[in-house]
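In what follows, a single structure is set out as structure tokens and then discussed.
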Amino acid sequence: METPRQLTTTEIGKLIDLTLKARETSYSPYSKFRVGAALFTTSGEWFTGCNVENASYGMSIHYLPLAESLLLPYIHAFLRHPGGAICAERTAYVKAVSEGHKKFLALGVATYVSQH
1 METPRQLTTT EIGKLIDLTL KARETSYSPY SKFRVGAALF TTSGEWFTGC
51 NVENASYGMS IHYLPLAESL LLPYIHAFLR HPGGAICAER TAYVKAVSEG
101 HKKFLALGVA TYVSQH
């Protein structure tokens, strides 16, 4: 397995910009928790995704243990509402894989988290 290269400053800037733009397309009427993601392939392609909720009773939450202290209030708020969800990262990944990409260099994720 080859060692991944570092992102350039330009690539980091684009990763941030695409992630923030993807967050704006979030469909999150139940949780109001908007998330955007950008995925950069080793071949130089970019794919974006946002979280998408629906009103089904089946639920899927992408859970990040390291972010537990920040996300826990939002997860509890989300669990009070019936609805399914597709996380932003999964959306970007599925878009990339469906177009034949399976090797990735970077993933960016953006959301709004207020300071308490």
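Numbering (full-length UniProt numbering), first residue to last: 1 to 116.
By construction, the Cβ of each residue, glycine as well, lies at the ideal position given by its N, Cα and C atoms.
Handout entry: Beta-carbon spacing of G108, L15 below 7 Å
Key = The count along the sequence shown starts at 1 and reaches residue 108 at position 108. The count along the sequence shown starts at 1 and reaches residue 15 at position 15. Yes, the pair counts as a contact, with Cβ atoms nearer than the cut-off.
Exercise for the section: Out of G84, G49, F40, point me to the one whose CA is closest to S26's CA. Expected result: The residue labelled residue 26 in the question sits at position 26 within the sequence shown. The residue with the shortest Cα to Cα distance from S26 is G49.
Problem - Closest by C-alpha distance to A96, when choosing among W46, K32, V35, D17 - result: To locate residue 96, count along the sequence shown from 1; it is residue 96. Answer by Cα proximity: W46.
Practice task
Out of G44, R34, L20, point me to the one whose CA is closest to E53's CA.
Solution key: On the sequence shown, residue 53 is found 53 positions in, with the first residue counted as 1. Cα-wise, what sits closest to E53 is R34.
Exercise for the section: State the CB to CB distance for the pair A37 and T9, rounded to an integer number of angstroms; the pair is presumed to be in contact (CB under 8 Å). Expected result: If you number the sequence shown from 1, residue 37 lands on position 37. If you number the sequence shown from 1, residue 9 lands on position 9. 21 Å between Cβ atoms; not a contact.
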